[in-house]
Amino acid sequence: MPNDTKPLLSVRNLKTSFFQDEGTTKAVDGASFDVAPGKTLGIVGESGCGKSVTAQSILRIVDRPGRIVAGEIVLTRADGSQTDLVKLTPNGREMRSIRGGEIGLVFQEPMTSFSPVHTIGAQLIEAVLLHNAVSKKEARWRGVEALRSVGIPQPERRVDEYSFELSGGLRQRAMIAVALSCDPRLLIADEPTTALDVTTQAQILDLLRKLQQERGMAIMLITHNLGVVAEMADDVVVMYLGRVVEQGNVDDIFHDPKHPYTKALLQSIPSIDSVPRLKLATISGSIPHPFNRPTGCPFHPRCASSIAGRCDTEVPELQAVGEGRKVSCFLYP
Amino acid sequence: MTNGYAGSDKSVLLDVKGLKKYFPIRRGLLQKTVGHVKAVDDVSFVVNRGETLSLVGESGCGKTTTARCILRAITPTAGQVLLSDNGEVVDVATIPKNRLRSLRRQMQMIFQDPFSSLNPRMTLLDIVGEPLLVHGVGDAQERTDRVVEMLRLVGLRPEYMRRYPHAFSGGQRQRIGIARALALNPRLVVADEPVSALDVSVQAQILNLLLELQERLGLTYLFVAHDLSVVKHISERVAVMYVGRIVETAPTEELFACPKHPYTEALLSAVPKPDPRLRSERIVLQGEVADPANTPPGCHFHPRCKYAHAVCREKSPVLEEIAPNHFVSCHRATELSLSGVARSTA
């Protein structure tokens, strides 16, 4: 990441835990990364790695009994000033103006994230009215324009339809329209294409790329699909059990992975252009339950190059290893 | 025969001919039938002993309905499902219900979701032992022995057999589901999206297990999936479905390297490749999948096909063999030159 531009969003040592009767789950345990303005940051990881909770923490919508325990989330505002989102009250005026205003959100499930008893238009107009001082008529016009900009045919008619009348792809487009209706500078997309078929996925990814070029917004793309990250991201953050294990630009991550987890993950995916019926490399074991997190490096019980006496006792810090590259592993001093 | 796989010395295990499944749409007070959802519309293919055939397609294309018709979990509207059973050929689609149970020992299913397909109130012993109990295999001790054997086979520790599914991770649960499916020593295993609910690192373990078991037990797989990378990895032949019909069938490498149907080409191009250096211009299909209740005339794919001619709008193409074992249903199959996925040298 170039040093001359201030990051749009800077997450430092974020820790979010869920306090339940059975014990404390450290969903995010010291994550740090930056989102550069106008760029796409891909956050990859398997289930339980804390990628969605990170997004929820940024938007301050972590459900109880979870809360942010430590860390900073610094957003650079349009006027150049900086705001630490962790210090704001989750439902206060300022946070509400940022959430949905400066930071837009696209969820995974287009079916469940819309209200089934309100029209698409009503939900769009609500978002526009919340963040802008405009008349209802103006808000409706903006809503129709937002639907048009995401490629929904006949937006004047669709605006009065309910979410169940739209197909999965159109629904996800409508979701994006809601997120973009207030011109966010950062769009957080949490698994935006996971529920969609490949051809629809290709349409949505194309749309996101086009909208990013037109508006110059930054995208934080959260996904478990390494193919999607390779196609979309400029920079990549790899997470495992609540920690960032590696980050760097997309080419470095895919062609010169450093962390054993990143390497293993890349080897374990069957690729469409690989030789059929070859045995895949696997990562031994499975992701531990967050209640019994391993001591030391969270990946050490599954790691082939684990150093006994070190990886199981000490937690490696995220350290710079070259230009824009960071790894948290004892193999890299 | 023009609808299947010829010129092979392997014998045919499953021969599906003209399979159709229409679901009626009922409306009004009298529940009059006003139309049909043609979920599966004249599908034919064969599966040879010991091979893996994958059915691929997008949601709603009828791949799961096809699989369920083959197992007679639902009764097909028309067509034949011929399964060879100890040298004798039986039609699963029409066999009387009282003979169906013994036939079901030959064909078992692995389900998609390892969380909802296992009864949370049953122990592993009960779950894996249930098919044996239903089919009256052995006494209690023999069944327990068989369960132990099955758990070992799929890489689970037999000591766990008194535990309940909640104690296991997604990958382990999928292993339990596989053990249950294989307990009766079936010939044909229908796997409906067996890895799509799993994490990437666990997915590889299950795919390896499926390949290994196939080799050891001589299993035949009918693999239903939407993930083309997974399909490429596991199958010998692939059948691509679109709105209830098979549009192309070919040996795996050939289908991926030189697809002959425009839909296959678009599908291959839409898959994001896990390599940022391969970012390329993708074919992004316009519009949406046709409604199986109201299919377009002619070729179902023509409204989205950039190569469509007048004939495509009027006449339905038939599945034709254009190269050995390569069947395509497209009017322009021989004149088009479509691009597939280049094999990386790595």
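Each protein sequence line maps, in turn, to chains E and L. Counting in numbering that gives the first Met the number 0, the first sequence runs from 0 upward without gaps. Counting in numbering that gives the first Met the number 0, the second sequence runs from 0 upward without gaps. Don't be surprised by glycine CBs; every beta carbon is placed ideally from N, CA and C.
Problem - Unbroken alpha helix (DSSP H) run spanning T64 (chain L), endpoints - result: DSSP places T64 (chain L) inside the alpha helix (DSSP H), whose first and last residues are 62-69.
Exercise for the section: Mind listing the chain L neighbours of L271 (chain E)? Cutoff is C-beta to C-beta under 8 Å, in chain order. Expected result: Per the sequence shown, residue 271 (chain E) should be read as Ile rather than Leu. The answer, in chain order, is L227, S228, K231, F255, L267, V270, K272, V340.
Problem - When L:L208, L:N85, L:A249 are compared against F326 (chain L), the one with the closest alpha-carbon - result: F326 (chain L) has its Cα closest to that of L:A249, out of L:L208, L:N85, L:A249.
Problem - Three-way DSSP call (helix, strand, coil) for Y21 (chain L) in this model - result: Reduced to three states, the DSSP call for Y21 (chain L) is strand.
Exercise for the section: Assuming I205 (chain L) and Q173 (chain L) form a contact by the criterion Cβ under 8 Å, report the distance between their Cβ atoms to the nearest whole angstrom. Expected result: The Cβ separation is near 5 Å, so the contact holds.
Exercise for the section: Go ahead and label F255 (chain L) buried or exposed: buried means 16 or more other beta carbons lie within 10 angstroms of its beta carbon, across all protein chains shown. Expected result: With 16 or more Cβ atoms within 10 Å of its Cβ, F255 (chain L) is classed as buried.
Exercise for the section: Consult DSSP for V336 (chain E) and reduce its assignment to one of helix, strand or coil. Expected result: As shown, chain E starts at 0 and ends at 332. That puts residue 336 (chain E) outside it, with no answer to give.
Problem - chain L within 8 Å of H223 (chain E), Cβ atoms only - result: Put simply, the CB of H223 (chain E) is near chain L, with a gap under 8 Å to one of its CB atoms.
Problem - Outcome for L82 (chain L) when other beta-carbon atoms lying within 10 angstroms are tallied against a minimum of 16 - result: Under this definition L82 (chain L) is a buried residue.
Exercise for the section: Please confirm if D198 (chain L) has its CB atom under 8 Å from at least one CB of chain E. Expected result: D198 (chain L) has a beta carbon lying within less than 8 Å of a beta carbon in chain E.
Problem - N- and C-terminal bounds of the beta strand (DSSP E) containing Q213 (chain L) - result: If you look at Q213 (chain L), you'll find it isn't in any beta strand (DSSP E); it sits in the alpha helix (DSSP H) that goes 199-216.
Handout entry: Identity of the residues DSSP links to A232 (chain E) by a beta bridge
Key = In the DSSP output, where bridge partners are listed per residue, A232 (chain E) has none listed.
Handout entry: Residue-chain proximity (E164 (chain E), chain C), Cβ-Cβ < 8 Å
Key = As a matter of chain content, chain C is missing from the structure shown, whose protein chains are E and L.
Problem - Contacting positions in the segment 21-40 of chain L - beta carbon closer than 9 Å to chain E - result: Result list empty, no residue passes.
Exercise for the section: Check the C-beta distance from V246 (chain L) over to V239 (chain L) and give it rounded, since I have them as a contact under 8 Å. Expected result: That belief holds up - the Cβ atoms of V246 (chain L) and V239 (chain L) are roughly 5 Å apart, short of 8 Å.
Handout entry: Backbone CA spacing between V310 (chain L) and P316 (chain L) [nearest angstrom]
Key = V310 (chain L) and P316 (chain L) have their alpha carbons spaced roughly 9 Å apart.
Problem - The alpha helix (DSSP H) enclosing P295 (chain L), as first and last residue numbers - result: That residue, P295 (chain L), is in no alpha helix (DSSP H); it is neither H nor E in DSSP.
Practice task
Just the C-alpha distance for G41 (chain E) and Y239 (chain E), rounded to the nearest angstrom, thanks.
Solution key: Taking C-alpha positions only, G41 (chain E) is separated from Y239 (chain E) by approximately 14 Å.
Handout entry: Whole-angstrom distance between Y159 (chain L) and P75 (chain L), CA atom to CA atom
Key = The straight-line gap from Cα to Cα measures roughly 40 Å.
Exercise for the section: Just the chain L side, please: which residues come within less than 9 Å of I119 (chain E) by C-beta, in chain order? Expected result: Under a criterion of Cβ atoms nearer than 9 Å, no residue of chain L is adjacent to I119 (chain E); the nearest Cβ is some 17 Å distant.
Problem - Residue-chain proximity (V242 (chain L), chain E), Cβ-Cβ < 8 Å - result: Not closer than 8 Å to any Cβ of chain E, the Cβ of V242 (chain L) fails to qualify, so no.
Exercise for the section: Kindly say whether E252 (chain L), judged by its beta-carbon, lies nearer than 8 Å to any beta-carbon of chain E. Expected result: Proximity of E252 (chain L) to chain E, defined by a Cβ-Cβ separation below 8 Å, is satisfied.
Practice task
List the residues of chain E that L206 (chain L) touches, going by C-beta distances under 7 Å, in chain order.
Solution key: Going along chain E in sequence order, the residues near L206 (chain L) (Cβ under 7 Å) are P269, L279.
Exercise for the section: Any chance you could list the beta strand (DSSP E) runs of at least 3 consecutive residues sitting entirely within the segment 97-177 of chain L, in chain order? Expected result: Whole beta strand (DSSP E) segments, 3+ residues: 106-109.
Practice task
Report the neighbours of S58 (chain L) on chain E: residues whose CB is nearer than 7 Å to its CB, in chain order.
Solution key: Residues of chain E passing the Cβ test: D196.
Practice task
For K5 (chain E), count neighbouring C-beta atoms within 10 Å of its own C-beta (all shown protein chains included) and say buried if the count is 16 or more, exposed if not.
Solution key: Classification for K5 (chain E): exposed.
Exercise for the section: Determine the chain L residues that contact L264 (chain E) at a beta-carbon separation under 8 Å, and present them in chain order. Expected result: For a Cβ distance threshold of 8 Å, residue set V199, S200 of chain L lies close to L264 (chain E), ordered along the chain.
Handout entry: Proximity below 8 Å, CB of V127 (chain L) to CB of M106 (chain L)
Key = At a Cβ-Cβ threshold of 8 Å, V127 (chain L) and M106 (chain L) do not count as neighbours.
Problem - 8 Å CB neighbourhood of L128 (chain E) in its chain, flanking five on each side removed - result: Excluding sequence neighbours, L128 (chain E) sits near K135, A138.
Handout entry: L58 (chain E), enclosing alpha helix (DSSP H) - first and last residue
Key = From DSSP, the alpha helix (DSSP H) with L58 (chain E) extends over 50-58.
Exercise for the section: Count the other C-beta atoms from every protein chain shown that fall within 10 angstroms of the C-beta of L277 (chain E), then say buried if there are 16 or more, exposed otherwise. Expected result: Counting the other Cβ atoms within 10 Å of the Cβ of L277 (chain E) gives fewer than 16, which makes it exposed.
Practice task
Using a Cβ cut-off of 8 Å (strictly closer), state whether Q202 (chain E) contacts chain L.
Solution key: Answer yes: the Cβ-Cβ gap between Q202 (chain E) and chain L drops below 8 Å somewhere.
Practice task
Check whether the Cβ of P275 (chain E) lies closer than 8 Å to any Cβ atom in chain L.
Solution key: Put simply, the CB of P275 (chain E) is near chain L, with a gap under 8 Å to one of its CB atoms.
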